[in-house]
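Numbering (the working numbering), first residue to last: 288 to 841.
Here's what the structure looks like:
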C-alpha cells in the first residue's frame, strides 16, 4: 500500500520507518527532510510532487502529456491481467504512468524535467513511459533548454515485452539528437535505478549524479549471486561503489541537489559567452635570465611546498562557481587528474590539472601525480564536454610521468596517451597549457597539445627525468646536472627552442615563496590568453593549434 498517496491513519501520519535503518521518522521529519532519514541519512522514496518542490522554483512547474496512459497491446496476463494492473496502479498512485514530464525553472533557468515514479509498477519502462520521456527530450530540443531526468526504476516492463525493450533504443536515440544540438542533459540516479533504465538514458547524461547509497546496476544482486555462486560485497551496486569505479560524476545529497543543478546549468546553458575583457593584444612573456643553477631550478620545481593544481584552481576560480567532475565512465576515477568547471572573473573555463597531493595519504591516493589510463580518459571525456558547450580549456601540467605499472599497461596506457594527443589536437575550443612544476614525458604531453604552452619560470619539461637520463646514458645517477644541461629542459631552454610560447615569472625564491602572487600572475596570464582567443573563429583556433604543433622540430 502506498503510504504517501492514499489517505493515512493518524498512526501512519505520525511515523514513517526508514528503509535502511528501520528507525522511526515522524511524518513531519520526513516531509521537512524530503524523505532523508534523520538518523542514518538514507534517501528514502520521495513522491514526484515533493521532488518538484525540491528542485524547481515555486510555481514554475507545468506538466504536459499527462493524459498518456499505458495500454495492454499483448493481452498479457500472469496472476492477473495487465490491463487490470494498470487500472489498479492508476487508482493507487493517482498518476497515469510511471513518468511525469513537464517544464519549469531552477533559479530562473528553464528546463524540461522527467521524473520516474517507483510506486507505479516499480517505475518500469513501458511504451508510454518511453514516449513521454522522448517527447520531453524533443521539447528540450524545440525550446533550446536543458533536460533533467530523475531516474527510479526496476527496469523494462515485462508485461509489454519487446515494446518495452525498444523504449531503451527510442529514448537513447532521442538523447543522441539532444546531444547533437549541443544541449545539456543531466541524469539523476535515485534508489533504485536498474535494468533497462540503467542501460539506456540513465547513463547517457553529460553529467551523471547519484543520490547517496542509491542502488544502481543492470542485473539484480540476487541474480548475480545465484549465477556466479559468490557472495557480493555489502556496498556492491551502490552509488559509492559506482563512483569509485568512475561511472558517476558526483554524488549529491538531496538537500544540495537544486544548488548543484543550478551550477551545472549556469555553466552549460545560455548564449555563447562573449569576452568581457574587451579586445586585447597578447602580452609577451619572454624567457627570463636564469637565477639558479640547473640543479637548483629542478629542486624548486619539485619543492614540497610548491603550489599544485588544486592550489591554483582554488585561488583562480571565482568563489562558488566551481564544480568537479570525476570518472572515465569505464573503469575508475584517477585522482592524479582533477577537472573543474568554473569561472575566472566571470569567464567560463574548464581546468584540467595533474595533482600530486600534499600529505602522504594524498600523495599515495594520487600516486604522486603519475596519471593512469583512466585519468587520461577522464580528462578527454570532460574536455569533450567543454568543447560541446564552447568552454575554453586550461590544462595544468605537473607530473613526473605517466604511471608505470602492470595494471596501467593492461588497461592501455599507450593508447590512452595516443588518443588524447589525437583528440586534443582538434578540439574546437582554445586550449591553454601551463606547466606549473614538472612536465614529465608522455604523462605531461597527454594534456599539453595546446594553442599556447607556457612554463612557470622554474618549471621543467622533458622527455625523461634527468635521473633516468643520467642512469641510462652515463650509467651514473650523480650526473643529473649534466643531464639537465643536455636535455635543455628548463623554461628558458624550451622558450629558445620555440616549444614554449611564454615563460610566466615567479616570485623571488619560487612560487612557493608567495603562492598568492604566483596564483594571481597565472590568473592574469590566463585572462589575457582568453581575451586573445575570443577574437578568433573556431577554425582559426584549430588551425593555430595545428600549425603550432606542426612546426615543432621542423
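For every residue, glycine included, the Cβ atom is placed at its ideal position computed from N, Cα and C. Source: prediction; values computed, not measured.
Residue 336 places its beta carbon 8 Å or farther from that of residue 321.
Contact between residue 413 and residue 444 holds: their C-beta atoms lie close to 4 Å from each other, under 8 Å. One Cα belongs to residue 484, the other to residue 547, and the distance between them is close to 23 Å. Residue 391 sits in a strand when the DSSP states are folded into three classes.
Residue 388 has its alpha-carbon roughly 27 Å from the corresponding atom of residue 314. Taking a cut-off of 8 Å on C-beta distances, the region 580-588 does not touch the region 499-510, as fewer than three cross pairs fall below it.
The Cβ neighbour count for residue 520, taken over all protein chains shown within 10 Å, is under 16; the residue is labelled exposed.
Going by DSSP, residue 672 is part of no beta strand (DSSP E) but of the alpha helix (DSSP H) stretching over 660-675. Taking 8 Å as the cut-off, the beta carbon of residue 674 is found no closer than this to the beta carbon of residue 616. If you look at residue 810, you'll find it in the alpha helix (DSSP H) that goes 802-820. One thing to note: residue 683 has its Cβ within 8 Å of the Cβ of residue 641. Under DSSP, the beta-bridge partners assigned to residue 330 are 323. Per the C-alpha coordinates, the member of 406, 426, 820, 656 positioned closest to residue 639 is 656. Straight through space, the alpha carbons of residue 833 and residue 689 are spaced by roughly 24 Å.
Residues of the same chain with a CB within less than 6 Å of the CB of residue 612, apart from the 5 flanking positions on each side, are 536, 626, 669 in chain order. Only residues of its own chain outside the window of five on either side were considered, and among them 713, 715 have a CB closer than 7 Å to the CB of residue 829, listed in chain order. Linking residue 736 to residue 593 through their CA atoms gives a straight-line distance of about 24 Å.
Closest in alpha carbon position to residue 543, among 789, 330, 771, 764, is 330.
Rounded to the nearest angstrom, the gap between the Cα atoms of residue 798 and residue 805 is 5 Å.
DSSP, read as helix, strand or coil, puts residue 383 in coil. Taken atom to atom, the span from the alpha-carbon of residue 419 to that of residue 458 is near 9 Å. In this structure residue 783 is exposed. Its beta-carbon is surrounded by fewer than 16 other beta-carbon atoms within 10 angstroms.
Following the DSSP letters along the chain, one finds residue 530 inside the alpha helix (DSSP H) bounded by residues 526-531. Scanning 327, 839, 765, 376 for the CA closest to the CA of residue 788 turns up 839.
When DSSP states are grouped into helix, strand and coil, residue 355 belongs to the coil group.
Selection 685, 486, 425, 698 evaluated against residue 596 yields 685 as nearest (Cα-Cα).
Annotation: the region 453-487 contains the following complete segments of the alpha helix (DSSP H) (minimum length 4 residues), in chain order: 482-485. Note that the C-beta distance between residue 658 and residue 705 is not below 8 Å.
The beta carbon of residue 730 is closer than 7 Å to those of 657, 658, 686, 688, 689 in its chain, skipping five residues each way along the sequence. A distance of 8 Å or more separates the beta carbons of residue 837 and residue 738.
Residue 343 is not a Cβ neighbour of residue 421, given a cutoff of 8 Å.
By the Cβ rule, the region 807-816 does not count as touching the region 689-702, because fewer than three pairs are nearer than 8 Å.
Of the candidates 489, 607, 701, 723, the residue whose Cα lies closest to the Cα of residue 598 is 723. Residue 641 sits in a strand when the DSSP states are folded into three classes. Contact between residue 820 and residue 660 fails: their C-beta atoms lie close to 30 Å from each other, not under 8 Å.
Here the C-alpha atom of residue 340 lies approximately 21 Å from the C-alpha atom of residue 495.
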